[in-house]
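Chemist: In short: position in the sequence shown from 1, add 21, done, that's this note's numbering.
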Amino acid sequence: MGRHRPRAAAARLDGDDRPGRGARRPDRLAPRGARGGAGRVRHRAAYFAFDRFPSSKGSAVHIAQMADELFDRFGGGLLGVIGGPDLPRYQREGTREIARFDVPVPNLIDRAEAFSEWVARHLEPHLETLEVCHVRDPWSALPVVADGRRHKVVYEVNGLPSIEMSHTWPWAAPSTLGKIRELERHCLERSDAVVVPSRVIGEAVAARGVPEHKIHLVPNGAEVGARPVRPEGAPDRYIVYIGALQPWQGLDVLMRAFARLADLEDLRLVVCSSVPERRSKPVRRLAERLAVADRVDWRFTLPHHEVAAWLAHAEVSVAPLTGCARNLDQGCAPLKVIESMAAGVPVVASDLPAVRELMADGEHGRLVPADRPAELARAVRILLEYPDEAAAMGRAGRRRIEDGLTWAHSRARLAEVYRTVARPVHDRIQ
C-alpha cells in the first residue's frame, strides 16, 4: 500500500483567527510539545473523524477537546479529518499533526469510502508505534479495526449513519442503509471501547449487540467563564437558537411557535446557524409564509466565541428537537443545551430522554412536548413574563454545568477510558 506524503506546510494547529492571540478557542486543537527536526513523527496515538475541522459546528468543539485529551496523554498524535479549500492539507506543531482529506468527491457514500482508504494510508506509517486510535464514524473505524492490529481502538458514537442518513438523505436506498448498518456492526464489534455522549445513544449501541462493559458514557461539556461582551447590533430583547438546520432540529416548529409570539413586538429571534446561508432557504421561506421573517435575525457560521456572546445575552435559548427516530431511537446529545446552561441562560427544549439527561423541567428551564409549536410558544412566553424566575433557572443551569458537565469533567472520563484500554508499558512496541 502506497504512503501518502502530505505537502509540508507548517501552520498553527489552533489557527490564527481566534480572539486575542494566545487565547485558545474551544474549536481549535491546542498545540503541544517542542519537538523539532525534519521527517515524519511516528505517533503513539491517532484520532480520525469524517468531519470538517475546524468548523463552526459543535462537532469541531467536541473533536478539539477529545483529541486534545488523547494527545496530552500520549505526547502528541495524528488528527485525520475532512478539509476544504480554505484549510491547509497538512499542519504540524511539535508532536501534533493534522492531515486533511480534501479530495472533491460529490457523492456522499463515495466520499466516505475514499476517506476510509485515505485513513488506511495515513495509518500505515504508525502501525508499529500506535497504541490507541480514536475514531468517530464507521468509515474511520474500518481500516483501524483491521485484523492483526496491535493498537487499541476507541470508537466514539455520536450517531449511527444508518439512522441519520435515513433523515438527511431520505432517498437513500434501503440496501445502502443496510450495508452501512452492517459496517457499523463490524466496527463496533471489533472496537475495544465504545464511547457515547448520552445514555440514550448507549442504549442504541447496546441494542446492536455491544456488551455493556465496553460502553463508556462521556457526556459533552462546556466552558463556564466570564460573560462575554454583548454582540454589536444585538437587539434589546431576543431569544436564540444555535446549531445546524437539519429537519430533526425542529426549526419549523420554532418558526411556528415564534409566530404565536407576534404580540411581543419588541422580541426578536436570533438564529446562529452553524451551516452556510444556502442551507437556510427552506426555513426562511417558512418564516416568510408565517409573516415572521422581518423579526428573525440570521447569523451564519460564526466562530464559536461569537456564538457564545449571542447566547449569553439572550433572554431564552430554544432547542426544539423533533420527536423523530433519529432523536428518540438513536438518541442525541445536544451541545446547544449544555452551552446555554453554561452561559446562565434558561432553556426551553423538547422533552426527550436525551434532553432530560441534561436538564430538569422547572429547574433549568422548561421542557415541552416535541413538535408542539403552541406549547413551545407558551413556555417561552412564561419565562419572558417572569424574568426573576427565568434568571434563577439560568443560574441553576450554570451550577449544573459547573458541578459535572464541564469539558474538564468530560475529559477526565475520557482519560479513564484510555487508561482502561491502553496496553501496559512493557507490552508497547519499542
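Here a beta-carbon is modelled for each residue, glycine too, at the ideal position from N, C-alpha and C.
Ala201 bridges to which residues according to DSSP?
Modeler: Sequence index remark: in the sequence shown, residue 201 carries index 180 (1-based). The question names Ala, but residue 201 in the sequence shown is Ile. For Ile201, which the question treats as bridged, DSSP gives no partner whatsoever.
Chemist: Are the CB atoms of Arg220 and Leu209 within a distance shorter than 8 Å?
Modeler: Along the sequence shown, one-based indexing puts residue 209 at 188. Along the sequence shown, one-based indexing puts residue 220 at 199. The answer is no: Cβ separation not under 8 Å.
Chemist: Tell me the residue span of the alpha helix (DSSP H) that contains Tyr407.
Modeler: On the sequence shown, position 386 is the one that residue 407 refers to. Here Tyr407 belongs to no alpha helix (DSSP H), and DSSP marks it neither H nor E.
Chemist: Under a Cβ-count criterion, where at least 16 other Cβ atoms within 10 Å of its own Cβ denotes burial, should Phe122 be classed as buried or exposed?
Modeler: Indexing the sequence shown from 1 puts residue 122 at position 101. If you draw a 10 Å sphere on the C-beta of Phe122, you find 16 or more other C-beta atoms in it, and that means buried.
Chemist: Specify the secondary structure class of Glu423 as computed by DSSP and reduced to three states.
Modeler: The count along the sequence shown starts at 1 and reaches residue 423 at position 402. The answer is helix: DSSP assigns Glu423 an H, G or I state.
Chemist: Would DSSP call Gly57 helix, strand or coil?
Modeler: Stepping through the sequence shown from its first residue, residue 57 is reached at position 36. Low confidence applies here, because Gly57 scores a pLDDT of 34, under 50, leaving its location unreliable; read the following figure in that light. In this structure, Gly57 counts as coil in the three-state DSSP scheme.
Chemist: Is the distance from the Cβ of Phe71 to the Cβ of Ala133 below 8 Å?
Modeler: Residue 71 sits at position 50 when you count from the first residue of the sequence shown. Residue 133 sits at position 112 when you count from the first residue of the sequence shown. Taking a C-beta distance under 8 Å as the contact criterion, Phe71 and Ala133 qualify as a contact pair.
Chemist: Along the alpha helix (DSSP H) that carries Trp331, what are the first and last residues, could you check?
Modeler: In the sequence shown, the residue the question calls residue 331 occupies position 310. That run of the alpha helix (DSSP H) goes His325 to Ala333.
Chemist: According to DSSP, is Val165 part of a helix, a strand, or is it coil?
Modeler: Taking the sequence shown and counting its residues from 1, one reaches residue 165 at position 144. Here Val165 sits in helix by DSSP.
Chemist: Report yes if the CB atom of Tyr439 is closer than 8 Å to the CB atom of Val102, and no otherwise.
Modeler: Position 418 of the sequence shown, counted from the first residue, corresponds to residue 439. Position 81 of the sequence shown, counted from the first residue, corresponds to residue 102. At a Cβ-Cβ threshold of 8 Å, Tyr439 and Val102 do not count as neighbours.
Chemist: Nearest-angstrom Cα distance between His172 and Ala308?
Modeler: Residue 172 sits at position 151 when you count from the first residue of the sequence shown. Residue 308 sits at position 287 when you count from the first residue of the sequence shown. Computed Cα separation, rounded: 51 Å.
Chemist: Please confirm whether Ala363 and Pro249 have their CB atoms less than 8 Å apart.
Modeler: The residue labelled residue 363 in the question sits at position 342 within the sequence shown. The residue labelled residue 249 in the question sits at position 228 within the sequence shown. Going by C-beta atoms, Ala363 is not nearer than 8 Å to Pro249.
Chemist: Could you tell me how far apart the beta carbons of Ser371 and Ala340 are, in whole angstroms, since I believe they sit closer than 8 Å?
Modeler: To locate residue 371, count along the sequence shown from 1; it is residue 350. To locate residue 340, count along the sequence shown from 1; it is residue 319. The beta-carbon separation of Ser371 and Ala340, rounded to 7 Å, stays under the 8 Å limit for a contact.
Chemist: Would you report the Cα separation of Arg258 and Ala314, rounded to the nearest angstrom?
Modeler: Counting from 1 along the sequence shown, the entry for residue 258 is found at position 237. Counting from 1 along the sequence shown, the entry for residue 314 is found at position 293. The straight-line gap from Cα to Cα measures roughly 16 Å.
Chemist: What beta strand (DSSP E) runs, 3 residues minimum, are completely inside the region 170-234?
Modeler: 173-177 and 214-217
Chemist: Does the structure place the region 195-207 close enough to the region 150-170 that three or more beta carbon pairs sit under 8 Å?
Modeler: Touching, yes.
Chemist: Quick one: measure Cβ to Cβ for His155 and Leu99, integer angstroms, because I've assumed they're closer than 8 Å.
Modeler: The residue given as residue 155 occupies position 134 in the sequence shown. The residue given as residue 99 occupies position 78 in the sequence shown. That belief does not hold up - the Cβ atoms of His155 and Leu99 are roughly 11 Å apart, past 8 Å.
Chemist: Could you pull the DSSP bridge partners for Phe122 from this structure?
Modeler: Numbered from its first residue, the sequence shown carries residue 122 at position 101. For Phe122, which the question treats as bridged, DSSP gives the partners Ile103.
Chemist: In this structure, what does DSSP give as the bridge partners for Ser371?
Modeler: Here residue 371 is taken as the residue at index 350 of the sequence shown, counted from 1. Answer by DSSP bridge pairing, in chain order: Val389.
Chemist: In angstroms with no decimal places, state the Cα-to-Cα distance between Gln112 and Gly169.
Modeler: Here the question's residue 112 lines up with position 91 in the sequence shown. Here the question's residue 169 lines up with position 148 in the sequence shown. The C-alpha of Gly169 is placed about 30 Å away from the C-alpha of Gln112.
Chemist: From Val358 to Gln270, what does the alpha carbon distance come to, in whole angstroms?
Modeler: Indexing the sequence shown from 1 puts residue 358 at position 337. Indexing the sequence shown from 1 puts residue 270 at position 249. Computed Cα separation, rounded: 12 Å.
Chemist: Rounding to the nearest angstrom, what Cα-Cα distance links Val124 and Pro106 in this structure?
Modeler: If you number the sequence shown from 1, residue 124 lands on position 103. If you number the sequence shown from 1, residue 106 lands on position 85. Those two C-alpha atoms are separated by around 10 Å.
Chemist: Got a sec? Which residues, its chain only, sit under 7 Å from Arg432 by beta carbon, not counting five neighbours each side?
Modeler: As a first step, residue 432 must be located in the sequence shown, where it is residue number 411. Counting only Cβ-Cβ distances below 7 Å, and skipping sequence neighbours, we find Gln86 and Glu90.
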